[in-house]
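Contents: one structure, followed by commentary.
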Amino acid sequence: MVAFAGCLEVLLIRMCRAFNANTNTMFFDGKFASAQLFKALGCDDLVSAVFDLAKGLCRLQLTDEEMALFSAAVLLSPERPWLTDSQKVRKLQEKLFLALQHSLHMSGASDEKLDQMVSKLLMMKSICNLHVNKLEFFRLVHPETAYSFPPLYREVFGSEISLPDSTNSS
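Residues -18 to -1, 1 to 152 (mature numbering (1 follows the signal peptide of the UniProt record, and there is no 0)) are what the sequence shown spells out, left to right.
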């Protein structure tokens, strides 16, 4: 459950590797696409927020180690409502942030870099909430299309909204 709950956050972090800051485009489906392509879906606010986050994360030039530790810390959010022992999760998350801080210190990164990374958490949470709202609206307006969502997408985001299982024949 933890992995699925933080999946979009991790995807948002990893997305900075697919973002080209020079052209303000995202590598998608084998080519670089601008925000305009995605805005055609009718989610201007969501697309703008995702591109802004990608631009901000891209500027941080995260190393693989920094990205991995930050992703792990985001995954282990003690704020998940269904957690039974959020205090244990909080302690684990604190250890991950300490490891990230140590990694940043060892690489000679500025003290501000961790603060800049942490400052992205609220934006990521906002994007995730907006994504759920847009997905729910889309499912209500276009229920027939929800049946054709890819299985992985349904598996990951199906717990957040009620997506039908098109692979189930019963």
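For every residue, glycine included, the Cβ atom is placed at its ideal position computed from N, Cα and C. All values derive from a computational prediction rather than experimental measurement.
Endpoints, alpha helix (DSSP H) assigned at residue i
i      : result
M105   : E94 to V123
M88    : S68 to M88
C(-12) : C(-12) to R(-5)
Pick from the options that is closest to residue i, judged by C-alpha positions
i      : options                  : result
N4     : A36, D26, D11 and A22    : A36
S30    : D67, L(-8) and A17       : A17
L(-11) : S130, H87, L96 and M105  : M105
V114   : L28, F131, L103 and S101 : L28
H84    : E118, F52, P125 and E61  : F52
N2     : D34, A22, G(-13) and L23 : D34
P60    : M49, A54, A50 and R72    : R72
L80    : L112, V100 and L(-7)     : V100
K116   : P133, N6 and L23         : L23
Span of the beta strand (DSSP E) around residue i
i   : result
F10 : T7 to F10
F14 : K13 to S16
Whole-number beta carbon distance between residue j and residue i, since they are thought to touch under 8 Å
i    : j      : result
C25  : C(-3)  : Incorrect: roughly 20 Å between the Cβ atoms, too far for contact.
L96  : L86    : 6 Å
V32  : G(-13) : Not really, about 16 Å apart at Cβ, beyond 8 Å.
S89  : T45    : 7 Å
I109 : L(-7)  : 6 Å
L58  : L78    : 6 Å
According to DSSP, residues forming a beta bridge with residue i
i  : result
N2 : T7
Note down, one range per segment and in chain order, each alpha helix (DSSP H) of at least 4 residues found wholly within the region 12 to 49. Within the region 12 to 49, the complete alpha helix (DSSP H) runs of at least 4 residues are 17 to 21 and 26 to 42.
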